[in-house]
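Undergrad:
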Amino acid sequence: MTAFETLNRHRSIRKYTNQPVGEDLLNRILTAGTRASTTGNMQVYSIVVSKDSVRKAALAPAHFNQPSITNAPVVLTFCADFNRFNKWCRQRNAEPGYDNFLSFVTGAIDALLVAQNVCIAAEDEGLGICYFGTTTYNADKIIETLNLPKGVVPVTTVTLGFSDEKPELTDRLPLQAVVHEETYQDYSPEVIDALYREKEGMPLYQGFVKEHNKETLAQVFTDVRYKKADNEHFSKVLLQVLKNQGFFQD
Numbered sequence: 006m007t008a009f010e011t012l013n014r015h016r017s018i019r020k021y022t023n024q025p026v027g028e029d030l031l032n033r034i035l036t037a038g039t040r041a042s043t044t045g046n047m048q049v050y051s052i053v054v055s056k057d058s059v060r061k062a063a064l065a066p067a068h069f070n071q072p073s074i075t076n077a078p079v080v081l082t083f084c085a086d087f088n089r090f091n092k093w094c095r096q097r098n099a100e101p102g103y104d105n106f107l108s109f110v111t112g113a114i115d116a117l118l119v120a121q122n123v124c125i126a127a128e129d130e131g132l133g134i135c136y137f138g139t140t141t142y143n144a145d146k147i148i149e150t151l152n153l154p155k156g157v158v159p160v161t162t163v164t165l166g167f168s169d170e171k172p173e174l175t176d177r178l179p180l181q182a183v184v185h186e187e188t189y190q191d192y193s194p195e196v197i198d199a200l201y202r203e204k205e206g207m208p209l210y211q212g213f214v215k216e217h218n219k220e221t222l223a224q225v226f227t228d229v230r231y232k233k234a235d236n237e238h239f240s241k242v243l244l245q246v247l248k249n250q251g252f253f254q255d
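Here the working numbering runs 5 ahead of the position in the sequence shown, where the first position is 1.
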């Protein structure tokens, strides 16, 4: 299978069989992950592998008890990690200056690049994966559960295993919705209508609108799924996490 075929067949898998992911296969996937681009070749990230059922159960509340956290054979927590790099610097008579927001962003980018490499490698091997955006919502709980030291912040979680379902491919906006030639071309009301017309017309999304008694699909996002109050609350939690972990000063 070509890289293009692997990328274009991506599905988020939330149901897994009981078949374990062998150690050799997992290590091959993780090694491919570490071949991702990284800022200055510093590799300021870490991956916490959770396979133990008790550990996965402990992680589940931080992900709002979504069943696939405990159902998946492997749960991978990708972290921005300057703890290791800082220790290496100090042991080599070099004083690190990475206790700032920019360094967190650097580590987060590194971790996300590795996560995507891991996902592509896993799918190429015939496994299923699913990203969990809940990681940054409850980073404080994950830090406690995984015993993450100062300098380490979880940024995304991926479940991994052999699929027990085959969902339809998820829709995507047309390419012209996300690609800008040379400079950013802002969207007129007419262009917005055109770009979202197909999505809004899909039975799945029309069902969401009806289910939640809303007028538009956009209201499902703003009023139900990603509410302002929730965004503000979890923003405060994450900012406090960054302060506690040494990445953000007042």
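We put the CB at the ideal spot given by N, CA and C, even for glycine.
Can you check whether the CB of Ile18 is closer than 7 Å to the CB of Cys135?
TA: Translated into the one-based positions of the sequence shown, residue 135 becomes position 130. Translated into the one-based positions of the sequence shown, residue 18 becomes position 13. In this structure, Ile18 lies closer than 7 Å to Cys135 by Cβ.
Undergrad: Could you check what DSSP says for Glu42 in three-state terms: helix, strand or coil?
TA: Numbered from 1 along the sequence shown, position 37 holds the residue referred to as residue 42. Reading off the sequence shown, one finds Ser at residue 42, where the question assumed Glu. In the structure shown, Ser42 sits in coil (DSSP, three-state: anything other than H, G, I, E or B).
Undergrad: Do Tyr50 and Asp86 have their C-beta atoms within less than 7 Å of each other?
TA: By one-based count along the sequence shown, residue 50 stands at place 45. By one-based count along the sequence shown, residue 86 stands at place 81. Yes, the Cβ-Cβ distance between Tyr50 and Asp86 is below 7 Å.
Undergrad: Given this structure, state the Cα-to-Cα distance separating Asn88 from Gln96, to the nearest angstrom.
TA: As a working mapping, residue 88 is identified with position 83 in the sequence shown. As a working mapping, residue 96 is identified with position 91 in the sequence shown. Each residue's Cα considered, the two are about 12 Å apart.
Undergrad: Taking C-beta to C-beta, are Asp169 and Thr22 nearer than 7 Å?
TA: On the sequence shown, residue 169 is found 164 positions in, with the first residue counted as 1. On the sequence shown, residue 22 is found 17 positions in, with the first residue counted as 1. Result yes, Cβ atoms of Asp169 and Thr22 sit closer than 7 Å.
Undergrad: Per the DSSP calculation, Ile148 is bridged to which residue(s)?
TA: For the purposes of this step, residue 148 is taken as the residue at position 143 of the sequence shown. BP columns for Ile148 are empty, so no partner.
Undergrad: Go ahead and pull the three-state DSSP assignment for Asp104.
TA: Locating residue 104 in the sequence shown gives position 99, counting from the first residue. In the structure shown, Asp104 sits in coil (DSSP, three-state: anything other than H, G, I, E or B).
Undergrad: Check Pro159 in the structure and name its three-state DSSP category.
TA: By one-based count along the sequence shown, residue 159 stands at place 154. The answer is strand: DSSP assigns Pro159 an E or B state.
Undergrad: Is it the case that the Cβ atoms of Gly156 and Gly45 are separated by a distance below 7 Å?
TA: Your numbering for residue 156 matches position 151 in the sequence shown. Your numbering for residue 45 matches position 40 in the sequence shown. Their beta carbons are not under 7 Å apart, which means Gly156 does not touch Gly45 by this criterion.
Undergrad: If I follow the unbroken beta strand (DSSP E) through Ala85, where does it start and stop?
TA: One-based indexing of the sequence shown puts residue 85 at position 80. Element bounds for Ala85: Val79 to Asp86.
Undergrad: Who are Cys124's beta bridge partners in DSSP?
TA: Walking along the sequence shown from the start, residue 124 turns up at place 119. Answer by DSSP bridge pairing: none, since Cys124 is not bridged.
Undergrad: Throw me the rounded Cβ distance for the Val80 and Thr162 pair, which I believe falls under 8 Å.
TA: Here residue 80 refers to the residue found at position 75 when the sequence shown is read from its first residue. Here residue 162 refers to the residue found at position 157 when the sequence shown is read from its first residue. That pair is a contact at about 6 Å.
Undergrad: Just to confirm, are Ile34 and Ala127 a CB contact at a threshold of 7 Å?
TA: As a working mapping, residue 34 is identified with position 29 in the sequence shown. As a working mapping, residue 127 is identified with position 122 in the sequence shown. Yes; because the gap between Cβ atoms is below 7 Å, this pair is in contact.
Undergrad: Going by Cα to Cα distance, which pick from Thr150, Asn249, Arg177 and Lys171 is closest to His68?
TA: Taking the first residue of the sequence shown as position 1, residue 68 is located at position 63. The candidate whose alpha carbon is nearest that of His68 is Thr150.
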